[in-house]
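Engineer: Numbering (my numbering), first residue to last: 5 to 380.
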Ligand code: IPD
Ligand code: CA
Ligand code: CA
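1) Helix, strand or coil for residue 222? Go by DSSP, reduced to three states.
2) List the whole-angstrom C-beta distance separating residue 106 from residue 130, where the pair is believed to meet the contact cut-off of C-beta under 8 Å.
3) Would a C-beta distance cut-off of 8 Å place residue 367 and residue 341 closer than the cut-off?
4) Could you pull the start and end residues of the beta strand (DSSP E) that residue 248 belongs to?
5) Thinking residue 155 and residue 173 are a contact (beta carbons under 8 Å), I'd like their distance in whole angstroms, please.
6) Between which two residues does the beta strand (DSSP E) containing residue 216 stretch?
7) CA-CA distance, residue 215 and residue 378?
8) Could you tell me which of 146, 103, 167 sits nearest to residue 375, measuring between CA atoms?
9) Taking the C-alpha atoms as reference points, what is the distance between residue 162 and residue 150?
10) Quick one: what's residue 279 bridged to in DSSP?
11) Around the Cβ of residue 171, are there at least 16 other Cβ atoms within 10 angstroms (buried) or fewer (exposed)?
12) Kindly indicate which three-state DSSP category residue 142 falls into: helix, strand or coil?
13) Could you have a look at residue 316 and say whether DSSP puts it in helix, strand or coil?
14) Report the option in 311, 357, 365, 327 whose CA atom is closest to the CA atom of residue 200.
15) If you run the structure through DSSP and keep just helix, strand and coil, what is residue 373?
16) Do three or more CB pairs link the segment 264 to 282 to the segment 203 to 215 at distances below 8 Å?
17) Looking at the structure shown, is residue 161 part of a helix, part of a strand, or coil, going by DSSP?
18) So what's residue 287 in DSSP terms, helix, strand or just coil?
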């Protein structure tokens, strides 16, 4: 793709609704970004919600006893949308896939070139490619659905907060890997309908220097998960000892980070191993693909998770918070698994998570755009 991407902070968003059709970006429009409208104090440049919504601790032993009597498929509620409103799923997924692939073209164009790196935190990187990929994705979304709400990692909230649709965009998940040319990074696009994932696409970069390639994961609520067009399924492994697991560690080295270091140690001792690849969307797609059994992480953001969680659920897996509670993309912990193993993993993961909650660690929803309506 030899085009140069021109974008500025002055983008004028169309307020009219466009027919849901797929179109590639023209790369020369300019946008007006609506400022962030979250409640609460600020975190990494994003306002943070107040910590008063922490979920109350549950009595886990009672819950465990009740849960163990149910087949694993019915123990945990589904997280996918049950409706997509007036827009048919096949139209939604077409635009989602086009958007993710358009971002991936930008990343592919840059993957063998020197990076221009700036820092969001001591070790939290951002490159020009993250921003250019997001601009290209926004072009596609805006051309097709000019009245939808968008939450992009780099640009924040844009659009109509009264829309039922929220696009969660990670234009480059695994930026550190990308900056080093180390495999495991992706473009991740998920769209929510009233807060629940409806359609998702993740373009994963596979290979390495001199051999980069991509594979595309996609899923729709109730319609299954696919990799390069082929249906995929989570694994059937039912013991921790025969499992290969994955986790991740965010940039903030707080109590949750330390708790997860302990979980890393514990599961390394009792499983076939715990991997730490560094791209949440990719990690979740690997669970959906059945090549690993589970993945968990504290403090991910909606753009890290919106696509990956749907991929896992639609591949037959299970998604909850790390305390076992019902998950939504604004939660601050996630456990995705092949389903069969979920309860066994929670036996070890839930207690330290409950401990963090009882110590007052903030697990309240975050990055939920103000006025965005959800069904929960
Ligand atoms: C990060 C990656 C990483 C995870 C971090 C994320 P970014 O996203 O997904 O695996 O551990 O918590 O922030 O910054 O590369 O888009
Ligand atoms: Ca990310
Ligand atoms: Ca990112």
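Each residue gets a CB set at the ideal place from its N, CA and C atoms; glycine is no exception.
Keep in mind it's a predicted model, so treat the numbers as computed, not measured.
Structural biologist: In this structure, then:
1) strand
2) Not quite, the Cβ-Cβ distance comes to about 19 Å (not below 8 Å), so this is no contact.
3) no
4) 248 to 251
5) 7 Å
6) No beta strand (DSSP E) contains residue 216, which DSSP labels as neither H nor E.
7) 43 Å
8) 167
9) 10 Å
10) 250
11) buried
12) helix
13) helix
14) 311
15) coil
16) no
17) strand
18) helix
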